[in-house]
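Quick notes on the structure that follows.
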Amino acid sequence: MQIPGHIDPVTTGTVPLRGGNRIDLVGLTRDAIGGVLVEAGLDAKAAKLRAKQIWHWIYHRGVTDFEVMTDIAKAMRPWLTDRFIIGRPTVREAQVSSDGTRKWLLAAADGQEYEMVFIPDADRGTLCVSSQVGCTLNCRFCHTGTMRLVRNLAAGEIVGQVMLARDELGEWPKGTMAGFGPDPDDDEEDEGGHYTADGRILTNIVMMGMGEPLYNFDEVKGALKIVMDGDGLALSRRRITLSTSGVVPMMARAGEEIGVNLAVSLHAVTKEIRDEIVPLNRKYGIEELLQACAAYPGAGNSRRITFEYVMLKDKNDSDDDARELVRLIRDYGLHAKVNLIPFNPWPGAAYECSTPERVKAFSNLIFKAGISAPVRTPRGRDIMAACGQLKSAATKPTRAELDRIAEEKQAALG
Ligand code: SAH
Ligand code: SF4
Numbered sequence: 027m028q029i030p031g032h033i034d035p036v037t038t039g040t041v042p043l044r045g046g047n048r049i050d051l052v053g054l055t056r057d058a059i060g061g062v063l064v065e066a067g068l069d070a071k072a073a074k075l076r077a078k079q080i081w082h083w084i085y086h087r088g089v090t091d092f093e094v095m096t097d098i099a100k101a102m103r104p105w106l107t108d109r110f111i112i113g114r115p116t117v118r119e120a121q122v123s124s125d126g127t128r129k130w131l132l133a134a135a136d137g138q139e140y141e142m143v144f145i146p147d148a149d150r151g152t153l154c155v156s157s158q159v160g161c162t163l164n165c166r167f168c169h170t171g172t173m174r175l176v177r178n179l180a181a182g183e184i185v186g187q188v189m190l191a192r193d194e195l196g197e198w199p200k201g202t203m204a205g206f207g208p209d210p211d212d213d214e215e216d217e218g219g220h221y222t223a224d225g226r227i228l229t230n231i232v233m234m235g236m237g238e239p240l241y242n243f244d245e246v247k248g249a250l251k252i253v254m255d256g257d258g259l260a261l262s263r264r265r266i267t268l269s270t271s272g273v274v275p276m277m278a279r280a281g282e283e284i285g286v287n288l289a290v291s292l293h294a295v296t297k298e299i300r301d302e303i304v305p306l307n308r309k310y311g312i313e314e315l316l317q318a319c320a321a322y323p324g325a326g327n328s329r330r331i332t333f334e335y336v337m338l339k340d341k342n343d344s345d346d347d348a349r350e351l352v353r354l355i356r357d358y359g360l361h362a363k364v365n366l367i368p369f370n371p372w373p374g375a376a377y378e379c380s381t382p383e384r385v386k387a388f389s390n391l392i393f394k395a396g397i398s399a400p401v402r403t404p405r406g407r408d409i410m411a412a413c414g415q416l417k418s419a420a421t422k423p424t425r426a427e428l429d430r431i432a433e434e435k436q437a438a439l440g
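So in the working numbering the end of the sequence shown lands on 440, straight run, no missing numbers.
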């Protein structure tokens, strides 16, 4: 999909195959698996049956070896092994924070690096997934924004993060699938999970890692469809949140075609400040963005939009800013909550975090207006795993290069 403007989507390009000349099945839909089986020589009927079986083994059971697929004839398994693989990203580095947050530096088949973060809480476990290597945008407070966009991640590389996390957390379902009821958290529109979320470690997914997911729409959509599939990873769409910096033209499609919760990185309530800290605002302004939020499918009913708001000292954290935020949410009739994120520092950042007292006062003003505005507790700061701290070391630009990258991205916004 093409959106006007130079900074808009960059094609994924060809990702070299992980298994040499074998095809990696991760990221393929059932139909696509059927398609590659036909190309390899199976007739259509056999391919359809095998695709269904293989899909189940890959996405529901998490296996990476065709030899353990017991409902596939023994003689056929080497045939599959010769032609296909079930890949995983390579783990380059795994770190654990003092607060239990875990961060993995991953490498794709072509050596490109990206990060994923797992945040355990008492009542949930959230995986923060990357959608791109780097980012075309340059929000001034974000470490990822100092990277060039290297490339979009493919659907298999996005869903591969969730699969690897399940490997690492040791939580693929064991034994037979019989007896698993539908997910009680699912609503009637869900595809119907085959086992419950109770007791799972990984319960939620946020598309809040590296990159702007709405600039990689098709691959993100493909990956999340697999994640939500009842006979796949079976996570309810209510447990998935996609965060955008405000790519207005793609928001309606995200609601209609993916249907997950939406988080919007608002961060400022005036044109002047938002233009500065989220330069995409020069292209899609606050009014347009809030209109798109009001029109987001499902918003206004049960599904609340989350506005993310990074707390930057003396930049966007005044009482007037808080009051203006409340006014905007009311004027646009939004059923929303605000997530206040204390700024997470990184080397070379030009901002400071607001004081805890200021954050509290800001939060109170919004709460008093009847809008929920919790302060997000920073997690994993000691291993640079907190919001906006992710950056793979693939490129280590100098200060001068950083300025040049920022200027280039700025110029591209027009
Ligand atoms: N690109 C998407 C999603 C990834 S960032 C987006 O911008 O929405 C996830 C969240 O962390 C966003 O709200 C982002 O603005 C915020 N963030 C970025 N840098 C941060 C920092 N240094 N401290 C706190 N939050 C930050
Ligand atoms: Fe990109 Fe999001 Fe960082 Fe902005 S905040 S630079 S959109 S990753």
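We treat Cβ as the ideally placed atom computed from N, Cα and C, and that holds for glycine. Computed from a predicted model, the values in this text were never measured in an experiment.
Query                                                                                                                                                                                   : Result
Give every residue of the same chain whose Cβ lies closer than 7 Å to the Cβ of Met173, excluding the five residues on either side of it in the sequence, and list them in chain order. : Gly160, Cys161, Lys417, Thr421
Using C-beta distances below 6 Å, list every residue in its chain close to Ala318, excluding the 5 sequence neighbours before and after it, in chain order.                             : Val274, Met277
CB Ile145 to CB Leu51, shorter than 8 Å?                                                                                                                                                : no
Less than 8 Å between the CB atoms is what I'm expecting for Glu238 and Thr270, so what's the real figure, rounded?                                                                     : 7 Å
How would you label Lys386, buried or exposed, when you count the other beta carbons within 10 angstroms and need 16 or more for buried?                                                : exposed
Mind checking if Phe393 is an interface residue toward chain C, Cβ cutoff 8 Å exclusive?                                                                                                : Among the chains of the structure shown, chain C does not appear; only one protein chain is present.
Report whether the distance from the Cβ of Thr332 to the nearest heavy atom of the ligand SF4 is below 7 Å.                                                                             : no
Classify Phe167 as helix, strand or coil using the three-state DSSP reduction.                                                                                                          : coil
Might you give, ordered along the chain, the residues of its own chain that have their beta carbon closer than 6 Å to the beta carbon of Gln187, omitting 5 neighbours on each side?    : Met142, Val155
May I have the straight-line CA-CA distance separating Lys297 from His82, to the nearest angstrom?                                                                                      : 49 Å
Indicate whether Gly281 and Pro323 have their beta-carbon atoms separated by less than 8 Å.                                                                                             : yes
Cβ-heavy atom distance between Trp372 and the ligand SAH below 7 Å?                                                                                                                     : yes
Among all the DSSP beta bridges, which residues are the ones paired with Tyr140?                                                                                                        : Leu132
Looking at the structure shown, is Cys161 part of a helix, part of a strand, or coil, going by DSSP?                                                                                    : coil
With respect to 7 Å, is the separation between the Cβ of Asn164 and the closest non-hydrogen atom of the ligand SF4 below this value?                                                   : yes
Helix, strand or coil: which one does DSSP assign to Asp97?                                                                                                                             : coil
Using the Cα positions of Ala395 and Ser344, report the straight-line distance between them to the nearest angstrom.                                                                    : 16 Å
Mark Ala376 as exposed unless 16 or more other C-beta atoms lie within 10 angstroms of its C-beta, in which case mark it buried.                                                        : exposed
Mind pulling the beta strand (DSSP E) runs of 3 or more residues that sit fully within the stretch 298-347?                                                                             : 331-337
Return the CA-CA distance between Glu434 and Gln158, expressed in angstroms with no decimal places.                                                                                     : 18 Å
Going by the DSSP bridge assignment, what does Val295 pair with across the sheet?                                                                                                       : BP columns for Val295 are empty, so no partner.
Report buried or exposed for Pro30, applying the criterion of at least 16 other Cβ atoms within 10 angstroms of its Cβ.                                                                 : Here the model assigns Pro30 a pLDDT of 37, short of 50, so the residue's position is not dependable and the matter cannot be decided.
Can you tell me whether DSSP reads Asp429 as helix, strand or coil?                                                                                                                     : helix
From the DSSP output, in three-state form, read off Lys386 for me.                                                                                                                      : helix
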